[in-house]
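Chains as they are written, first to last, in my numbering: chain A, 38 to 196; chain B, 1350 to 1554.
Encoded as structure tokens, the structure appears first; notes follow it.
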Amino acid sequence: MKLSTEWVIQKYKDVLFRIAYNICQSESDADDAVQECFIKYHTQNKEFDNEEHIKAWLIRVTINLSKNMVSSFWHRNTVNWEEYMQNMTFEDPHDSELFKAVMQMPQKYRIPIHLFYYEDYSIKEIAEIIKCPENTVKSQLDRGRKLLKQALKEEWEDE
Amino acid sequence: MNNKDRYKRTFSSVHTSMDYSKEVFEMNNKSKRIHLSRPLAACLVACLLLGTAGICYGNDVGGIQRQLQLWIDGDQTAAVIEFNGAGEYALSYKDSDGNLYSETGGGVKFDKDGNEIPATEEELLRQMFYPDVEYEDGKAILYYYNQVEGNYYKHSLDITDLFVDDVCYITLTQEGKPMYITVKYQKGLATNTRRYLNPSEFNNY
């Protein structure tokens, strides 16, 4: 199956942008990565098993493109995450602390944390998406949680 | 509030303002012409066979005009459909090069006494965007549409390997409502919202 590109864009643009932003920490770079991902989806004649398969493929491609973007010579990073955060509207003002804590974590922890806490993926699913052993994902999640606990203290529950 | 809920609340504030559709399709629009999908075109032909052909778009027939957004092969176009109240319609739209396309058609149904009743606007619209299967290069592709806020999106599904004894069964879910589709290889399809129709229940020719 292949869902129409327009539909996929409308449904997943923010999902992918959040992931790309987590890696790039730059709005313009994240937009570039997501746009390139959608172009790949649109132009590749690839068949998918189901919508979950499409979503996992989009996420994996976005992660790879975002990592390329960050390591690229053309990495723009014109607006850093602190400036970006100033323009964000948080539902609860305390949420800015969580955003800040995540942004300060090493990149390798941010993606498993985001896929687990935002997209509700299991450790096994995250391992399949980012092509990484389950044990590695588990330890990255654990370390990420510890960093969040250190930064947020009692505002982050023990798990 | 647990960690997950708080994380979701925090990062739901991160969203893009970029119009990816425009960027993604820009290059395609330069070289590709908008065309009606084959299934839609087939529906139109079917309607023509059933109904009275020959109404011209633009005639003052006192009908009702509707505008909708069609997304076909990556192109968005505003289509205008005019219904004349007698089971006939005229569809027109402009492609990315500004060329005007128009199609006309109609449909009828029959009451228990065999009298013809003109199809309603909703029935005509449903028929135009009804799922259909196209057979090409040894493959069977199911095309279907879903509608969101006036936009009609076209999707495709390769069902070639799903046939057993020339019949395959597919469930589409749109807005939480199932549509059960029974496809007979090169002999049409039937849909039902409650169950798969038995192949013996339709197109027995």
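By construction, the Cβ of each residue, glycine as well, lies at the ideal position given by its N, Cα and C atoms.
These numbers were taken from a predicted model, which means no experiment stands behind them.
Practice prompt. Select from the segment 151–173 of chain A all residues with a C-beta closer than 9 Å to any C-beta belonging to chain B, and list them in chain order.
Written response: 151, 153, 154, 155, 157
Discussion item. If the criterion is Cβ atoms closer than 9 Å, does the pair residue 106 of chain A and residue 60 of chain A meet it?
Written reply: yes
Worksheet entry | residue 1363 of chain B at chain A interface by Cβ criterion, 9 Å | yes
Worksheet entry | Partners in chain A for residue 1373 of chain B, counting only beta-carbon separations shorter than 8 Å | 42, 46, 72, 75, 76, 79
Worksheet item: Quick one: any contact between the segment 136–143 of chain A and the segment 173–193 of chain A, if contact means 3 or more CB pairs under 8 Å?
Response: yes
Worksheet entry | Reference residue 194 of chain A; option with closest CA among A/154, A/48, A/67, A/170 | A/154
Discussion item. Against chain D, does residue 126 of chain A count as a neighbour if the rule is that its beta carbon must be under 9 Å from one of theirs?
Written reply: In the structure shown, chain D cannot be found, because the protein chains are A and B.
Discussion item. Please report whether the beta-carbon of residue 1381 of chain B lies at a distance below 9 Å from any beta-carbon of chain A.
Written reply: In this prediction, residue 1381 of chain B scores a pLDDT of 34, lower than 50, which makes its location untrustworthy; the coordinate-derived value is nonetheless stated afterwards. With 9 Å as the cut-off, residue 1381 of chain B does not count as an interface residue toward chain A.
Worksheet item: Under 9 Å, do residue 68 of chain A and residue 1367 of chain B count as touching if we go by C-beta distance?
Response: yes
Worksheet item: Considering only the beta carbon of each residue, do residue 72 of chain A and residue 1372 of chain B sit closer than 9 Å?
Response: yes
Practice prompt. Evaluate residue 1405 of chain B with the Cβ neighbour count: other Cβ atoms within 10 Å of its Cβ, from every protein chain shown; 16 or more gives buried, anything less gives exposed.
Written response: Low local confidence applies: a pLDDT of 27 at residue 1405 of chain B is under 50, so the model's placement there is unreliable, and no value is given.
Worksheet item: Hey, is residue 1528 of chain B's beta-carbon within less than 9 Å of any beta-carbon in chain A?
Response: no
Practice prompt. Would you mind reading off the limits of the alpha helix (DSSP H) that contains residue 1460 of chain B?
Written response: Where residue 1460 of chain B is concerned, there is no enclosing alpha helix (DSSP H), given that its DSSP letter is neither H nor E.
Worksheet item: Roughly how far, in whole angstroms, is the beta-carbon of residue 1359 of chain B from the beta-carbon of residue 136 of chain A, given that I think they are within contact range, below 8 Å?
Response: 5 Å
Discussion item. If contacts are defined as beta-carbon pairs under 8 Å, then residue 103 of chain A and residue 164 of chain A qualify, I think. What distance do you get, rounded to the angstrom?
Written reply: Not a contact, Cβ separation roughly 19 Å.
Practice prompt. Have a look at residue 1364 of chain B and residue 1546 of chain B and give me their C-alpha separation to the nearest angstrom.
Written response: 44 Å
Worksheet item: Which residues in the same chain have their Cβ closer than 7 Å to the Cβ of residue 91 of chain A, if we skip the five residues on either side of it in sequence?
Response: 40, 45, 85
Worksheet entry | Cross-strand partners of residue 1477 of chain B (DSSP beta bridge) | Paired residues: none, contrary to the question.
Worksheet entry | Euclidean distance between Cα positions of residue 1457 of chain B and residue 87 of chain A | 37 Å
Worksheet item: Does the beta-carbon distance from residue 1477 of chain B to residue 1440 of chain B come in below 9 Å?
Response: yes
Discussion item. Give me, in chain order, the residues of the same chain whose beta-carbon lies closer than 7 Å to that of residue 1443 of chain B; leave out the 5 immediate sequence neighbours on both sides.
Written reply: 1426, 1449
Fill in: Supposed close pair residue 1510 of chain B, residue 1534 of chain B - CB separation, criterion 8 Å
No, residue 1510 of chain B and residue 1534 of chain B are not in contact; Cβ-Cβ is about 12 Å, not under 8 Å.
Item to complete: Assign residue 75 of chain A to one of two classes, buried (16 or more other C-beta atoms within 10 Å of its C-beta) or exposed (fewer than that).
Response: buried
Item to complete: Output yes if chain A places a C-beta closer than 9 Å to the C-beta of residue 1356 of chain B; else output no.
Response: yes
Worksheet item: In angstroms, rounded to a whole number, what distance separates the CA positions of residue 1418 of chain B and residue 1431 of chain B?
Response: 14 Å
Worksheet item: At which residues does the beta strand (DSSP E) containing residue 1532 of chain B begin and terminate?
Response: 1526–1533
Item to complete: Determine the contact status of residue 151 of chain A and residue 55 of chain A, defining contact as a CB-CB distance below 9 Å.
Response: yes
Worksheet item: For residue 1551 of chain B, which three-state DSSP category applies?
Response: coil
Discussion item. Give me the DSSP bridge partner(s) of residue 1485 of chain B.
Written reply: B/1488
Worksheet item: Is the CB-CB distance between residue 1493 of chain B and residue 43 of chain A below 9 Å?
Response: no
Discussion item. Can you confirm whether residue 55 of chain A, when its beta carbon is compared against all beta carbons of chain B, has any partner nearer than 9 Å?
Written reply: yes
Worksheet item: Relative to the C-alpha of residue 1437 of chain B, which residue among B/1460, B/1429, B/1415, B/1469 is closest?
Response: B/1469
Worksheet item: What does residue 184 of chain A reach in chain B if we use C-beta pairs closer than 7 Å?
Response: The premise fails here: residue 184 of chain A is roughly 13 Å from chain B at the closest Cβ pair, so nothing lies under 7 Å.
Item to complete: Classify residue 157 of chain A as buried or exposed, calling it buried when 16 or more other Cβ atoms lie within 10 Å of its own Cβ.
Response: exposed
Worksheet item: Taking Cβ positions only, does residue 1506 of chain B come closer than 9 Å to chain A?
Response: yes
Item to complete: Mind checking which residues open and close the alpha helix (DSSP H) that includes residue 59 of chain A?
Response: 42–61
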